[in-house]
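Note sheet for the following structure.
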Amino acid sequence: MSISGCRLLCIPHLLLGVILGGLLFLSPGMAHAEKSPEELYDTAINHLQFGTYKKAIKIFRELLYPSPGKLSDAQKRNEAHKLLGVAYYYAKQRRRARREFELYLYAYPRRKTIDPARYPPSMVSFFKRVRRRIKKKLDVLIRTQDKPKVSLQVVKLRFDRRVEHFNPLLCVVPFGVPYIVHNHWGKAAGFLASQVVFLGFNIAGYGVISSLQIVDPNSSQRGRFPEDVVGIAQAWQIVQFASLGLFASSYVYQLIDCALTVPRTRESVLPELPAVDPRKFSTPAPTFSTHTTQLYTTR
Numbered sequence: 142m143s144i145s146g147c148r149l150l151c152i153p154h155l156l157l158g159v160i161l162g163g164l165l166f167l168s169p170g171m172a173h174a175e176k177s178p179e180e181l182y183d184t185a186i187n188h189l190q191f192g193t194y195k196k197a198i199k200i201f202r203e204l205l206y207p208s209p210g211k212l213s214d215a216q217k218r219n220e221a222h223k224l225l226g227v228a229y230y231y232a233k234q235r236r237r238a239r240r241e242f243e244l245y246l247y248a249y250p251r252r253k254t255i256d257p258a259r260y261p262p263s264m265v266s267f268f269k270r271v272r273r274r275i276k277k278k279l280d281v282l283i284r285t286q287d288k289p290k291v292s293l294q295v296v297k298l299r300f301d302r303r304v305e306h307f308n309p310l311l312c313v314v315p316f317g318v319p320y321i322v323h324n325h326w327g328k329a330a331g332f333l334a335s336q337v338v339f340l341g342f343n344i345a346g347y348g349v350i351s352s353l354q355i356v357d358p359n360s361s362q363r364g365r366f367p368e369d370v371v372g373i374a375q376a377w378q379i380v381q382f383a384s385l386g387l388f389a390s391s392y393v394y395q396l397i398d399c400a401l402t403v404p405r406t407r408e409s410v411l412p413e414l415p416a417v418d419p420r421k422f423s424t425p426a427p428t429f430s431t432h433t434t435q436l437y438t439t440r
């Protein structure tokens with residue numbers, strides 16, 4: 142066979158070899174592209190455990206960037222940031238490791254350290270330094286998370302508003318009656334006690350004076366006092382007039398005070414539903430409808 146014939150026979154074999162070689166070269170990449178994000182995540186962890194940090198970094202970066210990345214599980218995505226930081230640390234790329242640890246801490250601001258049983262002390266110390274560096278930002282995140290969540294609710298309550306009107310003529314009644322009606326028990330007790338005492342002394346004085354007078358219808362001294370009790374009668378007359386004056390003063394004071402201080406109306410709100418504290422609800426605020434009932438009393 143001539144040399145040209147051999148060349149013609151070799152060309153198909155060469156083409157077949159090139160095609161097979163290309164397929165073998167592309168097969169790892171094709172298999173890599175066909176894997177799901179979860180499978181790639183497990184593959185990256187295997188590379189990290191076996192010390193092939195560059196491959197682990199490459200896969201983790203494909204899963205995380207551009208943000209938000211390919212991982213749908215937020216917890217797994219945050220864990221990937223930490224593992225990428227670990228891979229960067231082992232690869233001696235400390236600046237990038239710090240950035241990934243920061244992203245991990247922003248997701249878990251309460252984390253103090255990484256597992257010292259799985260990672261070397263130098264990496265644990267590095268992680269703590271990163272946390273101290275962004276501590277103020279983490280404190281803000283913690284305070285934000287600690288704020289109580291308020292559910293937005295709109296509550297409609299109906300109240301019955303009762304208005305009682307009092308007769309102003311109540312003020313002319315003595316013995317603190319207007320204050321009793323309005324539940325002002327302190328003033329009611331003061332006026333009642335003082336006016337009863339003053340009126341009691343006045344009546345007692347009248348009774349004593351009447352008993353000391355001469356009542357004999359045949360006597361020319363009828364209605365007068367015997368000479369031996371004149372002093373006593375005069376003393377009781379003073380008591381009688383003084384107590385009457387004090388009673389009148391107390392009554393006038395009650396009349397003026399009642400006219401100035403006692404309200405003519407009293408309002409009360411009667412809820413038709415159990416009491417609800419509006420502070421438990423955020424905006425929009427509860428709405429209230431009010432029904433007014435007019436009452437007239439002469440108590």
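Under my numbering, the first residue of the sequence shown carries the number 142, and numbering increases by one thereafter.
For each residue, glycine too, the CB sits at the ideal point set by N, CA and C.
- A direct Cα-Cα distance of roughly 14 Å separates residue 252 from residue 241.
- With respect to residue 388, residue 316 sits apart: the two C-beta atoms are not nearer than 7 Å.
- It is roughly 20 Å from the alpha-carbon of residue 402 to the alpha-carbon of residue 336.
- Using a C-beta cut-off of 8 Å, the stretch 364 to 378 makes no contact with the stretch 276 to 288, since fewer than three inter-stretch Cβ pairs fall below that distance.
- Straight-line measurement puts the Cα of residue 262 at about 30 Å from the Cα of residue 210.
- Residue ranges of uninterrupted alpha helix (DSSP H) with 4 or more members, entirely inside the stretch 195 to 257 and ordered along the chain, are 215 to 231 and 235 to 248.
- For residue 221, the closest alpha carbon among the candidates 334, 374 and 238 is that of 238.
- Per DSSP, residue 193 lies in no alpha helix (DSSP H) segment and is marked neither H nor E.
- Distances from the CA of residue 205 to each of 188, 181, 257 and 194 were compared; the closest alpha carbon is that of 181.
- In this structure, the CA atom of residue 215 is about 11 Å from the CA atom of residue 245.
- Within the same chain, and ignoring the five residues on either side of residue 349 in sequence, the residues whose Cβ sits closer than 6 Å to its Cβ are 377.
- Between residue 354 and the set 255, 212, 367 and 235, the nearest pair of CA atoms involves 367.
- The three-state reading of DSSP puts residue 274 in helix, counting H, G and I together.
- The beta carbon of residue 268 sits closer than 7 Å to the beta carbons of 242, 254 and 255 from its chain, once the five residues preceding and following it are set aside; these are given in chain order.
- In the structure shown, the three-state DSSP call for residue 268 is helix.
- With respect to residue 332, residue 395 sits close: the two C-beta atoms are nearer than 7 Å.
- Counting only runs of at least 4 residues, the stretch 322 to 401 fully encloses the following alpha helix (DSSP H) elements, listed from N- to C-terminal order: 326 to 353.
- If you draw a 10 Å sphere on the C-beta of residue 351, you find fewer than 16 other C-beta atoms in it, and that means exposed.
- Here the alpha carbon of residue 391 sits roughly 16 Å from the alpha carbon of residue 311.
- Residue nearest to residue 202 within the set 192, 191 and 219 is 219 (criterion: CA-CA distance).
- Counting of Cβ neighbours within 10 angstroms places residue 223 among the buried residues, the total reaching 16 or more.
- Within a 10 Å sphere around the beta-carbon of residue 271 sit 16 or more other beta-carbons, which makes this residue buried.
- The three-state secondary structure of residue 260, taken from DSSP, is coil.
- No Cβ-Cβ contact shorter than 7 Å links residue 260 with residue 232.
- In the structure shown, residue 314 adopts coil according to DSSP, grouped into three states.
- Rounded to whole angstroms, residue 400 and residue 326 show a C-alpha spacing of 17 Å.
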